[in-house]
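The opening position of the sequence shown corresponds to residue 2 in the numbering used here, with each subsequent residue numbered one higher. Glycine residues also receive a C-beta, built at the ideal position from the N, C-alpha and C atoms. The structure displayed is predicted, hence computed values, not measured ones.
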Amino acid sequence: MNTISVGNISGIVQDKILELHEEPEFQWSRNRTTYRINKEGIPQAKVAIGNVPLDYDLWKGLRNPAVIGLHPIGLKEIWNFYANKRKERVDESGRQTIFQIPRSYEYAEKQFNRAVIISVMLPFSKELVNGYIQTIKDNPYTSSHKFSRMYNDVNLMINKAIVRTAIALVEKENAVVAMDDKTVGAISKEAIPEVRQGVSHGPSKGGNYPQKSIAALLGLGQLGVSRILFRDEIENNIVNRFVGPIRSIVIFDKNDPITDGTNSVMYPTDDWRSFLFKLYDFTNIDKEINNHRFCSLIPHNDGGCGKCISCCPSGALYNSTPTPQGNYPDEVKKQTHRFYNDKVQFDYASCCDDRGQLSTLYPEWSCARCVTICASEGIRRSASIKNYYNKMEELTHLN
Ligand code: SF4
Ligand code: SF4
Numbered sequence: 002m003n004t005i006s007v008g009n010i011s012g013i014v015q016d017k018i019l020e021l022h023e024e025p026e027f028q029w030s031r032n033r034t035t036y037r038i039n040k041e042g043i044p045q046a047k048v049a050i051g052n053v054p055l056d057y058d059l060w061k062g063l064r065n066p067a068v069i070g071l072h073p074i075g076l077k078e079i080w081n082f083y084a085n086k087r088k089e090r091v092d093e094s095g096r097q098t099i100f101q102i103p104r105s106y107e108y109a110e111k112q113f114n115r116a117v118i119i120s121v122m123l124p125f126s127k128e129l130v131n132g133y134i135q136t137i138k139d140n141p142y143t144s145s146h147k148f149s150r151m152y153n154d155v156n157l158m159i160n161k162a163i164v165r166t167a168i169a170l171v172e173k174e175n176a177v178v179a180m181d182d183k184t185v186g187a188i189s190k191e192a193i194p195e196v197r198q199g200v201s202h203g204p205s206k207g208g209n210y211p212q213k214s215i216a217a218l219l220g221l222g223q224l225g226v227s228r229i230l231f232r233d234e235i236e237n238n239i240v241n242r243f244v245g246p247i248r249s250i251v252i253f254d255k256n257d258p259i260t261d262g263t264n265s266v267m268y269p270t271d272d273w274r275s276f277l278f279k280l281y282d283f284t285n286i287d288k289e290i291n292n293h294r295f296c297s298l299i300p301h302n303d304g305g306c307g308k309c310i311s312c313c314p315s316g317a318l319y320n321s322t323p324t325p326q327g328n329y330p331d332e333v334k335k336q337t338h339r340f341y342n343d344k345v346q347f348d349y350a351s352c353c354d355d356r357g358q359l360s361t362l363y364p365e366w367s368c369a370r371c372v373t374i375c376a377s378e379g380i381r382r383s384a385s386i387k388n389y390y391n392k393m394e395e396l397t398h399l400n
């Protein structure tokens with residue numbers, strides 16, 4: 002039986018990534034991996050785990066087409082998808098029948114005591130990210146097929162590794178769902194009514210399940226003003242910044258939710274959620290909040306950052322971001338159609354139009370300047386990083 006702990010799950014994910022190198026599509030030189038490794042060549046996958054009772058609403062206060070969308074996938078939709086794939090010939094009371102019907106969520110609530118959510122990031126290789134930034138500095142109008150290739154490789158790798166990790170966690174009395182791209186797409190299509198998909202949900206990449214927001218809720222990293230999730234860590238007084246694709250696993254099991262932080266399994270309390278709402282509202286320039294942010298847009302004993310905004314070629318970030326003083330520029334404020342309950346919708350149109358046009362001309366074109374400049378040169382603040390992890394420790398226990 003596998004222990005659900007950050008240490009154990011990290012070990013399984015690492016093993017699955019290393020195993021993948023035996024497959025033809027991943028037989029790169031181990032000296033030149035596209036994901037980040039440590040000195041010993043071990044993948045630096047980042048893992049965060051949370052657990053909640055089955056009636057917990059993951060998306061309370063967040064349903065907004067300018068934020069995560071109006072109809073995000075929650076625990077019930079994940080269960081319904083799983084139950085529909087695992088239909089048994091028994092009724093709700095366990096009697097054998099001729100019918101094959103999925104088990105209801107009410108059944109799941111009686112059967113299982115908690116849902117565990119595991120969020121995993123496979124960070125991009127530092128060398129490739131820095132190399133891309135150098136390419137852009139040498140010629141701001143170009144792109145790099147190396148970055149594009151790396152992006153696809155790392156995404157493919159984490160998709161496979163997350164499914165294999167999920168397989169390793171299947172036991173007699175649990176239900177495990179790997180939230181890789183394929184499953185997220187399938188749940189969005191099969192467990193969400195058609196009138197709640199696509200633009201009726203809100204701008205979304207690949208379905209109704211916001212992997213980055215799950216990661217933010219579990220404290221895997223923080224969302225920057227660029228809406229990219231990244232993780233800062235301090236090691237030997239140096240700040241390391243990790244950015245890369247994120248996937249997750251949801252497990253329904255019979256254990257009671259851990260509420261005291263055992264095995265580094267966190268409990269996302271209401272206080273933690275309130276803190277995160279403030280943290281990700283960049284119109285909130287309160288110093289007390291700002292000194293917990295990884296993103297250094299708002300000055301704090303320094304000049305502030307804003308590098309992602311300056312290097313965005315389409316202007317999408319400028320058109321979606323408050324100023325460091327916490328106000329939207331006048332030209333953004335005037336676009337009232339983009340605001341929903343005071344939240345501005347990210348300017349996908351500009352971002353996708355620019356990239357889309359170029360990728361029809363050059364299939365290996367990518368932009369990702371916002372991601373890479375942040376990972377390579379975004380201003381880091383070690384005091385804020387320490388403050389954030391202390392706050393997380395304080396607010397993610399019930400006792
Ligand atoms: S580049 Fe700077 S302003 Fe942009 S998200 Fe990163 S830290 Fe924040
Ligand atoms: S991907 Fe490019 S165009 Fe889109 S927001 Fe990032 S930097 Fe701007």
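Beta-bridge pairing by DSSP links Ser-249 to Ser-120, Met-180. Boundaries of the beta strand (DSSP E) around Leu-230: 230–236. With a cut-off of 8 Å, the C-beta of Phe-295 is classified as near ligand 1, since at least one heavy atom of the ligand falls inside that distance.
Per DSSP, reduced to three states, the secondary structure at Met-2 is coil, with no helix or strand assignment. Per DSSP, the unbroken beta strand (DSSP E) holding Phe-243 starts and ends at 239–243. Counting along the chain, Glu-89 sits inside the beta strand (DSSP E) bounded by residues 89–91. At a cut-off of 3 residues, the continuous stretches assigned as beta strand (DSSP E) that sit fully inside the segment 43–125 are 47–53, 89–91, 97–102, 115–122. Contact annotation: Cys-312 and Cys-296 have beta-carbon atoms that are not nearer than 9 Å. A contact is defined here as three or more CB-CB pairs under 8 Å, and the segment 47–58 meets this definition with respect to the segment 259–274. When the alpha-carbon of Glu-289 is set against those of Gly-379, Gly-327, Ser-385, the nearest one is in Ser-385. Using a C-beta cut-off of 8 Å, the segment 375–384 makes no contact with the segment 329–336, since fewer than three inter-stretch Cβ pairs fall below that distance. Across the set Asp-343, Lys-127, Leu-21, the C-alpha of Lys-127 shows the shortest separation from the C-alpha of Lys-40. Under the DSSP assignment, Tyr-133 falls in the alpha helix (DSSP H) whose first and last residues are 127–139.
At least 9 Å separates the beta-carbon of Ser-315 from that of Arg-228.
With a threshold of 16 other beta carbon atoms within 10 Å, Val-155 meets it and is buried. Per the Cβ contact rule, the segment 324–331 is in contact with the segment 278–285 (3 or more Cβ pairs under 8 Å). Checking the 8 Å criterion, the Cβ of Lys-138 is out of range of every heavy atom belonging to ligand 1.
DSSP, read as helix, strand or coil, puts Phe-340 in strand.
Around the Cβ of Ile-69, a 10 Å sphere holds 16 or more other Cβ atoms; the residue is buried.
Looking at the DSSP output, Tyr-152 sits in no beta bridge, so it has no partner there. With a 10 Å radius around the Cβ and a threshold of 16 neighbouring Cβ atoms, Arg-104 comes out buried. In this structure, the beta-carbon distance from His-301 to Ile-193 does not fall below 9 Å. If you check the CB distance, Ile-118 and Ile-10 do not come in under 9 Å. Secondary-structure assignment with DSSP links Gln-346 through no beta bridge to anything. Sixteen is the threshold: when 16 or more other Cβ atoms of the shown chains lie within 10 Å of the Cβ of Ser-145, as they do, the residue is buried.
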